[in-house]
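These notes are about the structure you will find just below.
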Amino acid sequence: MTDRVDRLYQIQRDFKASRRFPPAVRVLYDEFRMFLGMIDSTSPSRSKRLKNDTSEPLEEEEQGRGAVDDNFSDDDIDMSPSGNTQGDPMSMEPGIPIEEEKPPGPSPFDLPVPAKEDRMDTFFADPEKAIKIFLSSHFRDRGLLWVEFDLKAGPIIVRSFLAFILRHHALPEYERDLECALDAARHAEIELPKTLIVSRSLPDFWGLACVDIWGSRVPSSWGIPNFPLLQSDEHTTVVEPDSDVPVAQLISHDVAIDGVHAVLEPTPLEVVNDAIDIDINGEQVQLATTNAPDVAAIWDNVVPVDNNGWDTASDQWNAENQAEQTWDPPVPRPTFFAFVGPSPFPNTHVPIRAERSVREVIAFAAPLDINNSTHANPISHFHSHLATIVLGPWMRTKESVDIPGPEIFRDDAKAFGIDDVHDPRNGNITVLVDPEAIKGLVPGLGIGGLFVQVAAKPEEKPKEVKKFNKSTPYRGKKPHVSTPYDGKQWWYLESVNQVIPSYWTHLVD
């Protein structure tokens with residue numbers, strides 16, 4: 001136990017000593033070391049950075065600022081590092097005495113010794129699972145799953161560190177398991193950045209256009225338990241006046257303008273109050289009006305003030321209106337008919353059920369070409385203008401708070417006379433999306449959200465024809481058999497709450 005831990009510490013020191021990390025990469029590397037239990041916290045001590053003698057080299061722990069591997073460069077991550085890349089300006093000025101600061105107190109993110117040992121044991125017990133946990137649920141718990149730079153740099157750091165261990169044979173008894181962990185890191189390099197791309201493109205414009213046509217299918221019970229949600233009222237609510245509250249009365253004054261002074265003329269309701277003397281600081285005050293000077297005479301004696309040329313440039317008062325508009329109105333999103341053209345589909349199709357679940361991307365395809373199609377069955381107008389995503393049930397992990405089981409809301413199939421049964425735990429669904437929404441998809445990604453199924457209204461049955469000859473059977477219209485591309489039933493995505501990689505792993509799995 002002690003021997004393998006010492007070797008792991010030594011290999012990570014060698015890995016860091018000959019490389020220079022950019023500051024943002026250093027933060028991710030410290031996060032990975034803390035996950036493995038090699039350090040207590042990712043926050044460095046400020047007292048170690050503030051040195052009176054800046055010419056003295058820092059310790060090896062404070063020197064690392066380099067790339068993760070020999071082939072790790074700025075080209076591997078095509079974006080600027082996030083966060084502050086500036087150092088402490090005072091610590092870079094030689095000869096300036098800096099007061100030594102006390103080390104910060106314990107952080108809530110500092111790991112106790114038992115937790116460090118447990119994390120290191122978890123890594124040695126199953127390196128592949130540990131790497132999957134770090135690049136999935138741990139990224140989510142630490143807030144790294146929503147930062148584009150971290151999604152790109154994180155798997156590269158892990159992959160380079162594992163490759164360094166295998167290249168130097170530091171842990172020969174774990175090399176087979178470390179190779180599996182290395183494959184998991186390489187897989188994460190592909191899928192982890194895609195999660196952010198897909199989450200930005202979904203829900204797509206087509207799904208939002210369907211919501212505009214048929215309304216939202218979000219259950220009203222969603223939200224905080226035992227907390228009443230504010231619901232919009234379609235009708236105006238009339239509030240009856242309270243009989244105990246006196247009715248408000250409007251009190252007005254007749255205002256007379258005498259020159260530049262305003263005099264309030266008492267109304268009949270205020271005549272009684274005129275008999276009361278006004279007492280201010282123990283002295284009786286009598287209100288009286290004076291003859292004000294003529295307003296016209298005052299304005300004749302006004303001397304114009306220099307306005308620095310504003311009178312010669314009248315257009316300067318409207319400078320803000322003539323300036324270039326920087327707050328443009330939002331671009332209107334496409335409507336339902338922008339995708340399928342003028343059609344009766346909003347009247348011939350109805351939403352029959354809504355499902356909240358996490359589903360796995362099985363396959364996806366661009367819009368089908370009707371003219372060059374090789375399908376034996378006819379292709380609907382929907383499938384020729386929209387892309388298709390086939391989603392299957394998520395069965396890679398157990399049901400948990402993060403990935404709950406599927407639920408069905410508002411199943412109205414029978415109410416519309418549609419004979420259709422749907423099992424959310426078995427079978428795939430076909431979701432139609434905007435063709436631009438499939439650019440970031442890869443098979444295996446998990447998409448969690450609200451899926452709504454749309455079906456065509458059943459056709460009216462033909463009237464029964466009287467049979468004159470019982471020996472001649474009635475040859476009516478054959479019943480319609482649903483095909484994958486006939487447009488009779490399809491799904492759209494109303495909302496998305498998470499996009500996860502295929503290797504998503506919980507710590508308790």
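For the sequence shown, the tail end lands on 509 under UniProt numbering, and the numbers increase by one without skipping. The beta-carbon is built from N, C-alpha and C at its ideal position, and this holds for glycine as well. Bear in mind that the values here come from a model prediction, so they are computed numbers and not experimental data.
Best match in the options for proximity to residue i [C-alpha to C-alpha]
i    : options                : result
F337 : P424, R353, F205       : F205
F382 : A163, L144, V147, Q489 : Q489
V499 : G440, D150, V421, N347 : G440
L391 : I370, V361, G405       : V361
P193 : F139, L208, L36        : F139
A163 : F15, S216, D121, D6    : F15
D177 : K129, S199, V158, V218 : K129
L507 : R20, R26, F35, A17     : F35
V442 : S216, D434, P458, I389 : I389
A185 : S201, S199, E173, R159 : R159
R410 : H187, R217, P342, F21  : R217
G143 : L28, T397, N371, E179  : L28
R425 : E436, E399, D419       : E399
I408 : R200, P329, L450       : L450
G444 : D402, A415, T397, K414 : T397
T2   : R19, D121, V147, D30   : D121
N497 : D420, P404, V421       : P404
L368 : P435, V454, E175       : P435
P127 : P342, D244, M395, C180 : C180
Cβ distance (whole Å) where residue i is taken to contact residue j below 8 Å
i    : j    : result
R4   : F124 : 6 Å
T335 : D183 : The pair is not a contact, with the Cβ atoms about 46 Å apart (cut-off 8 Å).
A24  : F149 : 6 Å
T430 : W504 : Contact flag wrong, Cβ pair sits at about 23 Å.
P203 : S495 : 6 Å
P393 : E355 : Not really, about 11 Å apart at Cβ, beyond 8 Å.
A456 : H349 : 5 Å
G487 : S380 : 3 Å
A387 : V433 : 5 Å
D412 : R353 : 7 Å
P458 : G417 : 5 Å
L8   : G207 : L8 to G207, Cβ: 48 Å. No contact.
For residue i: DSSP bridge partner residues
i           : result
A363        : V390
R19         : According to DSSP, which records beta bridges pairwise, R19 is partnered with nothing at all.
S357        : G449
F409        : A354
Q489        : A455
residue 511 : Because the chain spans 1 through 509 in this model, residue 511 falls outside it and cannot be assessed.
S495        : L450
H168        : BP columns for H168 are empty, so no partner.
H349        : A456
Residue i: first and last residue of the uninterrupted alpha helix (DSSP H) it sits in
i    : result
F336 : 336-340
V454 : First-last for V454: 446-456, but that is the beta strand (DSSP E), not the alpha helix (DSSP H).
I197 : 175-201
E128 : 127-133
V147 : First-last for V147: undefined, no H or E at that position.
P404 : That residue, P404, is in no alpha helix (DSSP H); it is neither H nor E in DSSP.
L208 : 205-214
F382 : 381-385
Beta-carbon proximity of residue i to residue j, cut-off 9 Å
i           : j    : result
A448        : R359 : One detail in the question is off: residue 448 reads as Gly in this sequence, not Ala. Yes, these two residues count as a Cβ contact at 9 Å.
T195        : L166 : no
I197        : F32  : no
E189        : S502 : no
I11         : L171 : yes
V452        : P344 : no
R364        : A209 : Looking at the sequence shown, residue 364 is not Arg but Phe. Not in contact: F364 and A209 (Cβ atoms no closer than 9 Å).
G37         : D141 : no
A437        : S201 : yes
D402        : S137 : yes
residue 518 : W214 : Residue 518 lies beyond the stretch modelled for the chain, which goes from 1 to 509, so this question has no answer here.
Element boundaries [beta strand (DSSP E), containing residue i]
i    : result
L432 : 429-433
CB contact check: residue i to chain B, cutoff 9 Å
i   : result
V27 : Among the protein chains of the structure shown there is no chain B, as only one such chain exists.
Contact test: residue i Cβ vs the ligand GTP heavy atom, cutoff 8 Å
i    : result
F164 : Absent from the structure shown: the ligand GTP. Ligands present: none.
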